[in-house]
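Residue numbers (the numbering used here): 344 to 749.
The following block contains the structure:
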């Protein structure tokens, strides 16, 4: 078992190899130190763990099921299992992370949370936890994303959150994170920044991973129970990277299990309209951590693009950069067209409308299945993390397929 599987990464300074760390204004250092200490104490506290487990079970509805998708499998030429995180309360894996961080917020005596969101799933989950824990909630969201995820904006507002559209830059997730960080600098005494993915400065990448790692722990045991063996591959979409690291982590020490992360290939990595950090980016620093970033030759961050708001982000969590560099996981782009073909196939074969983020994981599984079957000499078993449901994407998908008009 390697260091990550043993839970030894990140190191005490928040590094995954040469990635991760903490690159933030001086004003945030004390808040990050406080959060790190509260997180470490909480993880060693049986009462905290019991309450977190109770909320996951009784409120969020986990463990989520592992479903064998027979008709989708027939089209894929592989035995496909879906980890049904879309069935969690709020409709995505995000609820696992926000319940953990909301408990920490109360433990630190803070009364306000801020968050950023792209697809809106993290914003909805944060607004939900804030209502449950009686916390003031402000969510920053790029103006473009508020338009393509209008349903989730309404859900956040119904739950009592204030949604602030960000009108700077590309008006997407990157700019929302910038605004949330500015808010946090000026309000750190009363406010916790409830970061939505396994990225950002230490301790966020390791902490968020630990709050969502149950996805992989459950999937690993469920696969053993249903098939008597581990899967040949585990696949997930990768924006910031929380759902992917959540399902990968339990399998990192299983060398027979291939790990695949699928990024937003947009209109193709040979164009400037994609969000494929590993295919089109390079090591750099963004939003408080060293990782892979889409940037120009002068180190300036360049705009990303994906049909999926949740994948439209020019950076990625540092643990993914480390898994990429060590070769333990492979990261491949999936174009908008490939993702939407997979989206439609799952709808028509299984009666499940996935989030467009998750459709990238499905499209990736369809792409790798033939080569994997040839390599193994048999039908491969692939688990795909179905990280969210597609209600929020009905307008985007309806327009794409010409059902609702462009």
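Where a beta carbon is used, it is the ideal one built from N, C-alpha and C, also for glycine.
Because the structure is a prediction, the values reported are computed rather than measured.
- Message: As a quick exercise: from 433, 726, 709, 516, pick the residue whose alpha carbon is nearest that of residue 475.
- Response: 433
- Proximity below 8 Å, CB of residue 311 to CB of residue 437: The question about residue 311 has no answer, for the chain in this structure spans 344 to 749.
- Query: Any chance the region 648-657 sits against the region 599-613, with 3 or more Cβ pairs inside 8 Å?
  - Reply: yes
- Message: Spatial neighbours of residue 597 within its chain, please: C-beta separation below 7 Å, excluding the five flanking residues on both sides.
- Response: 573
- Query: Which ranges would you report for the alpha helix (DSSP H) in the region 460-491 if only whole runs of at least 4 residues count?
  - Reply: 464-476, 486-491
- Query: Once you ignore the five residues that flank residue 665 on each side, which residues in its own chain have a CB closer than 6 Å to its CB?
  - Reply: 359, 360, 362
- Query: Of the choices 405, 570, 424, 467, whose alpha-carbon is the least far from that of residue 734?
  - Reply: 467
- Message: When you compare the region 697-708 with the region 723-731, are there three or more beta-carbon pairs, one atom per stretch, that lie closer than 8 Å?
- Response: yes
- Query: Going by the CB atoms, is the gap between residue 696 and residue 732 shorter than 8 Å?
  - Reply: yes
- Just how far apart, CA to CA, sit residue 689 and residue 613? 28 Å
- Report the three-state DSSP secondary structure of residue 426 (helix, strand or coil). strand
- Message: Below 8 Å on the Cβ atoms is my contact criterion, and I expect residue 662 with residue 579 to pass it. Report the Cβ-Cβ distance as a whole number of Å.
- Response: Their Cβ separation, rounded to whole angstroms, is 13 Å, which puts residue 662 and residue 579 out of contact at 8 Å.
- Message: What does the alpha-carbon distance come out to for the pair residue 577 and residue 604?
- Response: 9 Å
- Query: Looking at the structure shown, is residue 736 part of a helix, part of a strand, or coil, going by DSSP?
  - Reply: helix
- Message: What residue range does the beta strand (DSSP E) around residue 607 cover?
- Response: 601-609
- Pick from 511, 538, 514: whose alpha carbon is nearest that of residue 524? 538
- Using the beta-carbon count (16 or more within 10 Å), is residue 484 buried or exposed? buried
- Query: If you compare alpha carbons, which of 401, 403, 507, 634 is closest to residue 668?
  - Reply: 634
- Task: Give the DSSP-derived three-state secondary structure of residue 656 in the structure shown.
- Result: coil
- Task: Determine the closest residue to residue 489 out of 451, 515, 465, 503, with distance taken between C-alpha atoms.
- Result: 515
- Report yes or no: do the region 486-504 and the region 456-466 share at least 3 C-beta pairs separated by less than 8 Å? yes
- Message: Check for me: the beta strand (DSSP E) holding residue 764 runs from which residue to which?
- Response: In this structure the chain extends from 344 to 749, so residue 764 is not present and cannot be described.
- Reduced DSSP secondary structure (H/G/I, E/B, other) of residue 578: strand
- When you compare each of 401, 391, 626 to residue 637 by their alpha carbons, which one comes out closest? 626
- State the CB to CB distance for the pair residue 399 and residue 446, rounded to an integer number of angstroms; the pair is presumed to be in contact (CB under 8 Å). That pair is no contact at about 11 Å.
- If you draw a straight line from the alpha carbon of residue 742 to that of residue 491, how long is it in whole angstroms? 11 Å
- Message: Using 8 Å as the threshold, is the C-beta distance between residue 558 and residue 459 below it?
- Response: no
- Item | Close Cβ partners of residue 593 (< 6 Å) along its chain, the five nearest in sequence each way excluded | 559, 560, 563
- Task: Tell me whether residue 390 sits in a helix, a strand or coil according to DSSP, three-state version.
- Result: helix
- Proximity of residue 750 and residue 600 at Cβ, strictly below 8 Å: This structure cannot settle anything about residue 750, because the visible part of the chain is limited to 344 through 749.
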